[in-house]
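S.K.: Sending over a structure as structure tokens; questions will come in a sec.
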Amino acid sequence: MRFPNLKHLYYLVVLHKEQHFLRAAQKCNVSQSTLSTAIQNLEEVLGHQLLEREHKTFVFTEFGEAMVERSKDLLAHTQDWVDFADSAGDWTSGVLKLGVIPTIAPFIFEQLINTIHEDLPKLSLQLVEDTTDNLLEQLMDGKLDLLVLALPMNTPGCKQLLLGTDPFHLVAHTTNTGDLGTSVDIDDLPNDSIFLLQKEHCLTEHAVSACGLAHKSQVSSLTASSLHTLVSLVNSKMGYSFMPAMALKKGILEGTDVVSLPAEQDAFREIGLAWRNGTTRVQLFRHLAKLLAPLMPNSEHIL
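If you read the sequence shown in the working numbering, its first letter stands for residue -8, the second for the next number, and so on.
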């Protein structure tokens, strides 16, 4: 059998994502006819049908769906191969495309950049801030090399390495803390008084789990898009929220009348790295873990 064209495999993956020939062709910077011919060429090389076509519509066959997943894996490994070649096998050099979720990125980017530049001066760092789902998709597509995520998180096809823990603190306006005491029972807070982030932010799921908020009537239907918006809501005396220690240490409450209460013993999220199985850059990633662990609120005995 002839080997398939890697570029054609890339076209296949993009077509699967877009589910539209014209949009996929535009994403690939080729004409629609070029893309269509490439898919047909793939089918000839593989000896099996990838798409079921009917007039101007199509669906992927079961074989086509399976080939898309294998193509993603092959393209990711190919990118690793290219990166290895570009760095001449020197794991301390090359380009590192690092993705970080929004509830972590603002609080570690500056230290992360400075630490990596000082310790690994030959490494070119490219940073991306996005939601967990989007970052995982980019990781598996080979567009990113490494992620900093909040755990636990299901990351099929990836390895994880724990960096540390980040405790959750209840935050409140100073005028709303008088009756709370030192130990807060969530059930004693008013209904609809706890603000959380929108569901696409994994911090919400982790806070709900860690702080026992599942199905609580105290959780408000009003959600925020960022931790800074949560602080604004609390500062308006509308209610309460939970804030990770990482954000508190970086002064997210400065300039407000919001204060944090002591963290509950078991209320925390874990923070770790995730990378694709089979990557050739594990030595670099483990070294980075040792550099990043001290940036976590609690990292002792982790590495």
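The C-beta atom is built at its ideal place from N, Cα and C for all residues, glycine as well. As the structure is a computational prediction, the values presented were derived from the model and not from experiment.
Grab the span of the beta strand (DSSP E) containing residue 263 for me, first residue to last.
M.R.: Reading the sequence shown from its first residue, position 272 is the one you call residue 263. Element bounds for residue 263: 259 to 267.
S.K.: Less than 6 Å between C-beta atoms, sequence neighbours within five positions excluded: which residues of the same chain meet that for residue 152?
M.R.: Start at 1 with the first residue of the sequence shown, and residue 152 comes out as number 161. Answer for residue 152: 263, 264, 280, listed in chain order.
S.K.: Starting from the N-terminal side, write out each stretch of the beta strand (DSSP E) that is 3 residues or longer and does not extend beyond the region 52 to 83.
M.R.: Fully enclosed beta strand (DSSP E) runs of 3 or longer: not present.
S.K.: Just to confirm, is the Cβ distance from residue 258 to residue 143 under 8 Å?
M.R.: Position 267 of the sequence shown, counted from the start, is the residue given in the question as residue 258. Position 152 of the sequence shown, counted from the start, is the residue given in the question as residue 143. Against a cut-off of 8 Å, the Cβ pair of residue 143 and residue 258 comes out as no contact.
S.K.: Since I believe residue 137 is in contact with residue 231 (beta carbons under 8 Å), could you give me their beta-carbon distance rounded to a whole number of angstroms?
M.R.: The residue labelled residue 231 in the question sits at position 240 within the sequence shown. The residue labelled residue 137 in the question sits at position 146 within the sequence shown. Actually they do not touch by this definition, with Cβ atoms about 35 Å apart.
S.K.: From 12, 30, 45, 33, pick the residue whose C-alpha is nearest to that of residue 23; which is it?
M.R.: Counted from its first residue, the sequence shown places residue 23 at position 32. Answer by Cα proximity: 12.
S.K.: Who pairs with residue 157 in a beta bridge, going by DSSP?
M.R.: Taking the first residue of the sequence shown as position 1, residue 157 is located at position 166. Per DSSP, 260.
S.K.: Per the DSSP calculation, residue 104 is bridged to which residue(s)?
M.R.: Counting from one through the sequence shown, the residue named residue 104 turns up at place 113. According to DSSP, which records beta bridges pairwise, residue 104 is partnered with nothing at all.
S.K.: For residue 132, collect the residues of the same chain with a Cβ closer than 8 Å to its Cβ; drop the 5 residues on either side in sequence, then sort them by chain order.
M.R.: As a working note, residue 132 is residue 141 in the sequence shown. Excluding residues within five positions, the ones whose Cβ falls inside 8 Å are 4, 63, 66, 67.
S.K.: Rounding to the nearest angstrom, what Cα-Cα distance links residue 6 and residue 16 in this structure?
M.R.: Mapped onto the sequence shown, residue 6 falls at position 15. Mapped onto the sequence shown, residue 16 falls at position 25. Rounded to whole angstroms, residue 6 to residue 16 spans 8 Å at the Cα level.
S.K.: By alpha-carbon positions, which one of 228, 233, 26, 74 ends up nearest to residue 166?
M.R.: In the sequence shown, the residue the question calls residue 166 occupies position 175. Of 228, 233, 26, 74, the residue nearest in Cα terms is 228.
S.K.: Could you tell me which residues DSSP pairs with residue 235 in its beta bridges?
M.R.: Your numbering for residue 235 matches position 244 in the sequence shown. Answer by DSSP bridge pairing, in chain order: 159.
S.K.: Considering only their Cβ atoms, is the gap separating residue 241 from residue 288 smaller than 8 Å?
M.R.: The residue given as residue 288 occupies position 297 in the sequence shown. The residue given as residue 241 occupies position 250 in the sequence shown. No, these two residues do not count as a Cβ contact at 8 Å.
S.K.: Excluding five sequence neighbours on each side, which residues of the same chain lie with their C-beta closer than 6 Å to the C-beta of residue -4?
M.R.: To locate residue -4, count along the sequence shown from 1; it is residue 5. So no residue of the chain qualifies.
S.K.: So if DSSP puts residue 186 in a beta bridge, which residue, or which two residues, is it bridged to?
M.R.: Position 195 of the sequence shown, counted from the start, is the residue given in the question as residue 186. Answer is 232, bridged to residue 186.
S.K.: What is the rounded straight-line gap between the Cα of residue 49 and the Cα of residue 37?
M.R.: Here residue 49 is taken as the residue at index 58 of the sequence shown, counted from 1. Here residue 37 is taken as the residue at index 46 of the sequence shown, counted from 1. About 19 Å.
S.K.: Can you name, in chain order, every residue of its own chain whose Cβ lies under 8 Å from the Cβ of residue 80, other than the five neighbours on each side?
M.R.: Residue mapping note: residue 80 aligns to position 89 of the sequence shown, counting from 1. Excluding positions up to five away in sequence, the list is empty.
S.K.: What residue range does the alpha helix (DSSP H) around residue 211 cover?
M.R.: In the sequence shown, residue 211 corresponds to position 220, counting from 1. Per DSSP, residue 211 belongs to no alpha helix (DSSP H); it is in the beta strand (DSSP E), 210 to 215.
S.K.: Apply the 10 Å Cβ neighbour rule to residue 53 and answer buried if 16 or more other Cβ atoms are within range, or exposed otherwise.
M.R.: On the sequence shown, position 62 is the one that residue 53 refers to. That one is exposed.
S.K.: Sort 290, 275, 286 by Cα distance to residue 82 and report the nearest one.
M.R.: The residue labelled residue 82 in the question sits at position 91 within the sequence shown. The option with the nearest alpha carbon to residue 82 is 275.
S.K.: According to DSSP, is residue 125 part of a helix, a strand, or is it coil?
M.R.: Translated into positions along the sequence shown, residue 125 becomes position 134. Residue 125: helix per DSSP, three-state reduction.
S.K.: Can you give me the start and stop residues for the alpha helix (DSSP H) that residue 245 sits inside?
M.R.: Your numbering for residue 245 matches position 254 in the sequence shown. No alpha helix (DSSP H) contains residue 245, which DSSP labels as neither H nor E.
S.K.: I need the DSSP call for residue 94, collapsed to helix, strand or coil.
M.R.: Position 103 of the sequence shown, counting from 1, holds the residue named residue 94. Reduced to three states, the DSSP call for residue 94 is coil.
S.K.: Name the two residues that bound the continuous alpha helix (DSSP H) containing residue 117.
M.R.: Within the sequence shown, numbered from 1, the residue matching residue 117 stands at position 126. No alpha helix (DSSP H) contains residue 117, which is instead part of the beta strand (DSSP E) from 114 to 120.
S.K.: Along the alpha helix (DSSP H) that carries residue 222, what are the first and last residues, could you check?
M.R.: Position 231 of the sequence shown, counted from the first residue, corresponds to residue 222. Unbroken alpha helix (DSSP H) run through residue 222: 218 to 226.
S.K.: Just verifying my parser: in three-state terms, what is the DSSP assignment at residue 191?
M.R.: Taking the first residue of the sequence shown as 1, we reach residue 191 at position 200. In this structure, residue 191 counts as coil in the three-state DSSP scheme.
S.K.: Can you tell me whether residue 147 is buried or exposed, with buried defined as 16 or more other CB within 10 angstroms of its CB?
M.R.: Locating residue 147 in the sequence shown gives position 156, counting from the first residue. When all chains shown are included, residue 147 counts as exposed.
S.K.: Roughly how many angstroms lie between the CA atoms of residue 135 and residue 117, to the nearest whole one?
M.R.: For this step, residue 135 is matched to residue 144 along the sequence shown. For this step, residue 117 is matched to residue 126 along the sequence shown. So the two alpha carbons sit approximately 9 Å from each other.
S.K.: Where does residue 294 fall in DSSP's three states?
M.R.: The count along the sequence shown starts at 1 and reaches residue 294 at position 303. Annotation note: pLDDT 49 at residue 294 (below 50); position unreliable, coordinate value reported separately. DSSP places residue 294 in coil when its eight states are reduced to three.
S.K.: Roughly how many angstroms lie between the CA atoms of residue 26 and residue 55, to the nearest whole one?
M.R.: Counted from its first residue, the sequence shown places residue 26 at position 35. Counted from its first residue, the sequence shown places residue 55 at position 64. Cα to Cα, residue 26 sits roughly 16 Å from residue 55.
S.K.: What number of angstroms, rounded off, separates the C-alpha of residue 277 from the C-alpha of residue 238?
M.R.: Your numbering for residue 277 matches position 286 in the sequence shown. Your numbering for residue 238 matches position 247 in the sequence shown. Taking the straight line from one Cα to the other gives about 25 Å.
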